[in-house]
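Counting in numbering that gives the first Met the number 0, the sequence shown runs from 0 upward without gaps. Glycine included, C-beta positions come from ideal geometry on N, C-alpha and C. All values reported here derive from a predicted model rather than from experimental measurement. For reference, the structure discussed in these notes is given below.
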Amino acid sequence: MKKIILAFVITLMGTGMGFSQKFAFVNTDYILGRIPAYDASQKQLDKFASDWQTEIENKRADIEKLYKDYQAERVLLTEEMRKKREDDIISREQALKDLQKKYFAPEGELYKKRQELVKPIQDDVFNAIKELAEEGNYDVIFDTSSGPNMLYTNPRFDKSDDVLTKLGIQN
């Protein structure tokens, strides 16, 4: 009876080992940080965002000046002139909000530029990871850059440099 149980346990262990999953991990921040085109794209996006932010701040300063001038002259203005100035300030504030949305909303110009400049690079990285997974018969590849989800990782399972090699980048 003991021999049967022992044989059964050994069989189960052997079967379990035969079905074990193969896994690895990559650090996409590390990978993207070593791709010159990604760095150039990020700088370009930062420049767009900075230019647009400066434009918005200049318009905001103009509106604030108009409002201060209006406050200073308000007592001297007729009702019709006051209404006209208030309407002008309100329309400029609305135009400013619309401009902010145009540039920085979830589907705004910055998002479109990011899709245009960065997404192709991220797609290349994803495809290289997918190729590596298929070639190495990995069942799972984790990304360690997305936060402290992995408490410990053995460096021998880090395939980030292999992805860079696949992308043709010397590390």
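What number of angstroms, rounded off, separates the C-alpha of Ala23 from the C-alpha of Ile140? Each residue's Cα considered, the two are about 5 Å apart.
My output table needs one value for Ile89: the three-state DSSP class, helix, strand or coil. helix
In angstroms with no decimal places, state the Cα-to-Cα distance between Thr27 and Leu98. 33 Å
Have a look at Ser145 and Phe103 and give me their C-alpha separation to the nearest angstrom. 24 Å
Extent of the continuous beta strand (DSSP E) to which Val139 belongs: Val139 to Asp142
Let me know the secondary structure DSSP gives Ala23 once reduced to three states. strand
Within 10 angstroms of the Cβ of Ile30, are there 16 or more other Cβ atoms? Answer buried if so, exposed if not. buried
Taking 8 Å as the threshold (C-beta atoms), are Leu116 and Ser49 in contact? No; because the gap between Cβ atoms is not below 8 Å, this pair is not in contact.
Determine the direct distance from the alpha carbon of Ile55 to that of Asn63, and round the result to whole angstroms. In the sequence under discussion, the amino acid at residue 63 is Glu, which differs from the Asn named in the question. The straight-line gap from Cα to Cα measures roughly 12 Å.
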